[in-house]
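Read through the structure below, which is laid out as structure tokens, and then see the notes.
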Amino acid sequence: MTDVDHVRPVPDGAPQGAPSGGDSPQLADLLRRSALGDEGAFAAFYDATSARAYGLALRVVRNPAHAEEVTQEAYLDAWRSSTRFDPARGSAAGWLLTIVHRKAVDRVRSVEAASARDETWNRETAPIDHDQTSEAAQASLEAARVRNAVATLTDVQRRAVELTYFGGYTHTEVAALLDVPLGTAKTRIRDGLIRLRDLMGVAS
Amino acid sequence: MSDLHKLTGAYAMDALDELERARFERHLAQCDDCRAEVAELRETAALLSESVAVPPPASLRESVLSGISQVRPLAPEVATIPVPAPARPEQPAGRRAWAPFLVAAALAIFVGLGAMIVAPWADDDEVPRLTAAEQVLQAPDAEEVFLDLGESGRATVVRSKSQDKAVITTEDMVVAPEGKDYELWFMSPEEEFVAAGLMPDAADQTVVLDGSAAEAIAVGITVEPEGGSKQPTTDPIALFDLTEAT
Chain Z
1 MTDVDHVRPV
11 PDGAPQGAPS
21 GGDSPQLADL
31 LRRSALGDEG
41 AFAAFYDATS
51 ARAYGLALRV
61 VRNPAHAEEV
71 TQEAYLDAWR
81 SSTRFDPARG
91 SAAGWLLTIV
101 HRKAVDRVRS
111 VEAASARDET
121 WNRETAPIDH
131 DQTSEAAQAS
141 LEAARVRNAV
151 ATLTDVQRRA
161 VELTYFGGYT
171 HTEVAALLDV
181 PLGTAKTRIR
191 DGLIRLRDLM
201 GVAS
Chain B
1001 MSDLHKLTGA
1011 YAMDALDELE
1021 RARFERHLAQ
1031 CDDCRAEVAE
1041 LRETAALLSE
1051 SVAVPPPASL
1061 RESVLSGISQ
1071 VRPLAPEVAT
1081 IPVPAPARPE
1091 QPAGRRAWAP
1101 FLVAAALAIF
1111 VGLGAMIVAP
1121 WADDDEVPRL
1131 TAAEQVLQAP
1141 DAEEVFLDLG
1151 ESGRATVVRS
1161 KSQDKAVITT
1171 EDMVVAPEGK
1181 DYELWFMSPE
1191 EEFVAAGLMP
1201 DAADQTVVLD
1211 GSAAEAIAVG
1221 ITVEPEGGSK
1231 QPTTDPIALF
1241 DLTEAT
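If you read the sequences in order, they're chains Z and B. No gaps in the numbering here: position 98 of the first sequence is 98 in the working numbering, and each next residue is one more. No gaps in the numbering here: position 216 of the second sequence is 1216 in the working numbering, and each next residue is one more.
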């Protein structure tokens, strides 16, 4: 990683030590102001979320240049559709990361469709390679909490969730990769996520 | 619990292909439980990104901020905008997504063709001139492939080698997702996709594909970002195997 000196700024007024929350009303407020055309508010929103957004994109698409493109597109989309963000329906970070993930997955699938299948080989041989990015991953309490929750999943649940979310595979592909019936893959993806939801106290 | 309800997790993590997603979204439009669950599972999935956070290069910030200064946020949604099309009865999901499309059946049915035959510019005392589409559809060597896309509609590709053109007709085709277009492709004998134009957003239509059709071995439809792509960026939602055409 070349930008180790880059420190993620804490958003305006955020309580110390709680910059990560998707949860934070500050983020929702920044988006609300963005929707009114406030570029400064959007910059603050970017600063508060970009490590997660870029890290997620990087994890899914793997190629740093692609990850940057994906992240940039996602933020542009977020800016454009900030008027459509509804805090009653979810957190601002969750909303953004949904956009990032969708774009990252689209990218990884289209790269695969366009180029040969060498990417598939890479992904298949190292489907759950945490270490590639985690050295640079930011240590945070929230991250530790997430890891602890993931560690309580059954092996199949964990792999199904990770192949889906970080691998960008479809549930059909996950079933093939894990050599389980499609119905099983579908169920493991869902009950793995539900378990994480309950452990991490996510409520709508 | 129907099969569709179990797709909340896969949907929340973008693990459905385009057609499954379209079906599930129709289901979502009428299932409060699934909507609530999807919202929670998306939040949950987003938390997973905590464990992979990496600060982006500083240059990305500049790119993003200069990018946003050139577009305004979209107009807000107002109440008069209709929500996703009325859902139809559920269909079990989960069959292998592409399988139905790869099987070419030859059951072409053309509806509404008669209405198009009188071209507005035709002289009164002349046999009505045929539109480009009609010329293909009525060519003596016209061959066709029909695909039933289930809830997504039905489509037929007709190709005339002598005319070097192909036409696609659709019935009840679901509209492309917001911000996306259906793009048409010819597949060359080398199995390369060659762009053949965009499909207008209409359920029932007849479109002449751009480009040379005589050599094509298949016609595909993909879902592309608005305005189309030079190369397909997604797997085809439908593939018409012209080698099976009758």
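Ideal Cβ placement from N, Cα and C applies to all residues, glycine included.
Would you identify the three-state DSSP class for residue i, choosing helix, strand or coil?
{"i": "Arg109 of chain Z", "result": "helix"}
{"i": "Phe42 of chain Z", "result": "helix"}
{"i": "Tyr169 of chain Z", "result": "coil"}
{"i": "Glu1178 of chain B", "result": "coil"}
{"i": "Lys103 of chain Z", "result": "helix"}
{"i": "Gly1220 of chain B", "result": "strand"}
{"i": "Pro64 of chain Z", "result": "helix"}
{"i": "Gly1197 of chain B", "result": "strand"}
{"i": "Thr1165 of chain B", "result": "The question names Thr, but residue 1165 of chain B is Lys in the sequence shown. If DSSP states are grouped into helix, strand and coil, Lys1165 of chain B belongs with the strands."}
{"i": "Glu1062 of chain B", "result": "helix"}
{"i": "Glu1018 of chain B", "result": "helix"}
{"i": "Leu1149 of chain B", "result": "coil"}
{"i": "Ala1142 of chain B", "result": "coil"}
{"i": "Thr98 of chain Z", "result": "helix"}
{"i": "Ala1155 of chain B", "result": "strand"}
{"i": "Pro1225 of chain B", "result": "strand"}
{"i": "Asp1235 of chain B", "result": "coil"}
{"i": "Val180 of chain Z", "result": "coil"}
{"i": "Arg195 of chain Z", "result": "helix"}
{"i": "Ser24 of chain Z", "result": "coil"}
{"i": "Thr154 of chain Z", "result": "coil"}
{"i": "Gln1070 of chain B", "result": "coil"}
{"i": "Phe85 of chain Z", "result": "coil"}
{"i": "Glu1025 of chain B", "result": "helix"}
{"i": "Val1208 of chain B", "result": "strand"}
{"i": "Glu1077 of chain B", "result": "coil"}
If you check the beta carbons only, do residue i and residue j fall under 8 Å apart?
{"i": "Leu97 of chain Z", "j": "Ala1166 of chain B", "result": "no"}
{"i": "Ala1015 of chain B", "j": "Ala143 of chain Z", "result": "no"}
{"i": "Gly168 of chain Z", "j": "Val70 of chain Z", "result": "no"}
{"i": "Trp1185 of chain B", "j": "Pro1225 of chain B", "result": "no"}
{"i": "Trp95 of chain Z", "j": "Ile1068 of chain B", "result": "no"}
{"i": "Ala1022 of chain B", "j": "Pro1177 of chain B", "result": "yes"}
{"i": "Leu178 of chain Z", "j": "Val150 of chain Z", "result": "no"}
{"i": "Gly1220 of chain B", "j": "Asp1181 of chain B", "result": "no"}
{"i": "Arg188 of chain Z", "j": "Gln157 of chain Z", "result": "yes"}
{"i": "Glu1143 of chain B", "j": "Thr1156 of chain B", "result": "no"}
{"i": "Thr1206 of chain B", "j": "Ala1139 of chain B", "result": "no"}
{"i": "Arg147 of chain Z", "j": "Ser1212 of chain B", "result": "no"}
{"i": "Ala93 of chain Z", "j": "Phe85 of chain Z", "result": "no"}
{"i": "Tyr54 of chain Z", "j": "Pro1056 of chain B", "result": "yes"}
{"i": "Leu1239 of chain B", "j": "Ala1214 of chain B", "result": "no"}
{"i": "Ala1195 of chain B", "j": "Lys1230 of chain B", "result": "yes"}
{"i": "Val111 of chain Z", "j": "Ala57 of chain Z", "result": "no"}
{"i": "Leu31 of chain Z", "j": "Ala48 of chain Z", "result": "no"}
Starting from the beta carbon of residue i, find every residue of chain B whose beta carbon is closer than 9 Å, and list them in chain order.
{"i": "Asp106 of chain Z", "result": "Asp1014, Pro1225, Thr1233 and Thr1234"}
{"i": "Thr164 of chain Z", "result": "Gly1009, Ala1010, Met1013, Asp1014, Ala1015 and Ala1045"}
So which residues of chain Z does residue i contact, with C-beta pairs closer than 7 Å?
{"i": "Arg1072 of chain B", "result": "Gly37"}
{"i": "Thr1044 of chain B", "result": "Leu193, Leu196, Arg197, Met200 and Val202"}
{"i": "Lys1006 of chain B", "result": "Lys186, Thr187 and Arg190"}
CB-CB under 8 Å to residue i, same chain, minus the five flanking residues each way: which ones, in chain order?
{"i": "Asp1172 of chain B", "result": "Gly1153, Arg1154, Ala1203 and Asp1204"}
{"i": "Gln1091 of chain B", "result": "Residue placement at Gln1091 of chain B is poorly supported in this model, since its pLDDT is 45, which falls under 50; the coordinates are not used for a value here."}
{"i": "Thr172 of chain Z", "result": "Leu182 and Ala185"}
{"i": "Val1136 of chain B", "result": "Ala1142, Val1158, Arg1159, Ser1160, Gln1163, Lys1165, Ala1166, Val1167 and Val1208"}
{"i": "Glu1191 of chain B", "result": "Ile1217"}
Taking residue i as the query, report the chain Z residues whose CB atoms sit under 9 Å from its CB, ordered along the chain.
{"i": "Pro1200 of chain B", "result": "Per Cβ cutoff of 9 Å: no residues; Pro1200 of chain B is ~23 Å from chain Z at best."}
{"i": "Glu1190 of chain B", "result": "Residues of chain Z passing the Cβ test: none, with the nearest at roughly 14 Å."}
For residue i, return the contacting residues in chain B, with the cut-off set at a CB-CB distance below 8 Å.
{"i": "Ser24 of chain Z", "result": "Under the 8 Å cutoff, chain B gives no residues; its nearest Cβ is about 13 Å from Ser24 of chain Z."}
{"i": "His66 of chain Z", "result": "What His66 of chain Z touches in chain B: nothing, since even the nearest Cβ is about 12 Å away."}
{"i": "Ala114 of chain Z", "result": "Gln1231, Pro1232 and Thr1233"}
{"i": "Ala93 of chain Z", "result": "Ala1046"}
{"i": "Thr152 of chain Z", "result": "In chain order: nothing, as chain B lies at least about 14 Å away."}
{"i": "Val174 of chain Z", "result": "Ala1015"}
For residue i, go through chain Z and note every residue whose CB falls closer than 8 Å to its CB, in chain order.
{"i": "Arg1061 of chain B", "result": "Ala43, Tyr46, Asp47 and Ser50"}
{"i": "Leu1065 of chain B", "result": "Glu39, Phe42, Ala43 and Tyr46"}
CB-CB under 7 Å to residue i, same chain, minus the five flanking residues each way: which ones, in chain order?
{"i": "Tyr46 of chain Z", "result": "Tyr75"}
{"i": "Asp1141 of chain B", "result": "Ser1160, Lys1161 and Ser1162"}
{"i": "Leu1041 of chain B", "result": "Thr1008, Gly1009 and Ala1012"}
Short of 6 Å in beta carbon distance, which residues of its chain neighbour residue i, apart from the five on each side in sequence? Order them along the chain.
{"i": "Thr184 of chain Z", "result": "none"}
{"i": "Thr1169 of chain B", "result": "Thr1156 and Thr1206"}
In chain B, which residues lie with their C-beta within 7 Å of the C-beta of residue i?
{"i": "Arg147 of chain Z", "result": "Ser1051"}
{"i": "Thr71 of chain Z", "result": "Pro1056 and Leu1060"}
{"i": "Leu177 of chain Z", "result": "Per Cβ cutoff of 7 Å: no residues; Leu177 of chain Z is ~12 Å from chain B at best."}
{"i": "Arg158 of chain Z", "result": "Going along chain B, no residue has its Cβ under 7 Å from Arg158 of chain Z, so there is no contact; the nearest lies around 11 Å."}
- [ ] Spell out a yes or no on whether the stretch 1061 to 1068 of chain B and the stretch 1031 to 1042 of chain B are touching, meaning 3 or more CB-CB pairs, one atom from each, closer than 8 Å.
- [x] Judged by Cβ distances under 8 Å, the stretch 1061 to 1068 of chain B makes no contact with the stretch 1031 to 1042 of chain B, as fewer than three pairs qualify.
- [ ] Taking 8 Å as the threshold, find out whether the stretch 1007 to 1025 of chain B comes into contact with the stretch 188 to 198 of chain Z through three or more Cβ pairs.
- [x] With the cut-off at 8 Å, the stretch 1007 to 1025 of chain B and the stretch 188 to 198 of chain Z touch.
Open item on the list: I'd like to know if the stretch 28 to 40 of chain Z and the stretch 52 to 67 of chain Z are in contact, where contact means that at least 3 CB-CB pairs between them fall below 8 Å.
Closed with: Put simply, the stretch 28 to 40 of chain Z does not touch the stretch 52 to 67 of chain Z. Fewer than three CB pairs are less than 8 Å apart.
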